[in-house]
Each structure stands twice: as C-alpha cells, then as structure tokens.
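Residue numbers (this note's numbering): 2 to 82. The structure appears right after this line, and notes come after that.
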C-alpha cells in the first residue's frame, strides 16, 4: 500500500488516498470515483473519459498497468483529469 495525494480540480480539493500499488490504474480509478462521489455527495456513474495523471512522471497513467509498473511511489501526487 502506498499513500498518495489525489488532486480533483473539479472539486478544488486534494484527498489523501492509501492505494494498493498492485492494482491496475483502471480499477483504482473506479474505486476513487465512487469514494469521491460519496464524499462530495454527487454521482459519477461512469469513468469514461476520466484518467489519472501522475504529476512526478508528467504523464497519464496507462489504465491496463499497475501503479507499481508505472513507477508511482509513496508520496506522489495523482491528478484526476
């Protein structure tokens, strides 16, 4: 498990997330959208068009690879785009 900051510009907020670096980015994105939706009392039913951007690596994460495979580390910032 790694601790990352997740920036959600649409809500102008930064969340702390503990994520399993062995899961694929697409699986984590689904879970993140559910949790943020509950926190912000809104419904984001689909993740179509949504992605995770890794600030340190300056790239969008491949949804079919794990965070570990893509070099995401403890303390990194991910941005929901």
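Positions of the beta carbon are idealized from the N, C-alpha and C atoms, including for glycine. Keep in mind that this is a model prediction, so the values were computed, not measured.
Exercise. Whose CA, out of 40, 82 and 76, lies closest to the CA of residue 60?
Worked result: Checking every option, the nearest Cα to that of residue 60 belongs to 82.
For this session: Quickly, what does DSSP pair residue 17 with across the bridge? List them, please.
Result: 6
Exercise. Where are the beta strand (DSSP E) runs, 3 residues long or more, that stay fully inside the region 34-76, in chain order?
Worked result: 53-55
Exercise. What is the DSSP secondary structure of residue 81, reduced to helix, strand or coil?
Worked result: strand
Problem set entry | Beta-carbon spacing of residue 20, residue 2 below 9 angstroms | yes
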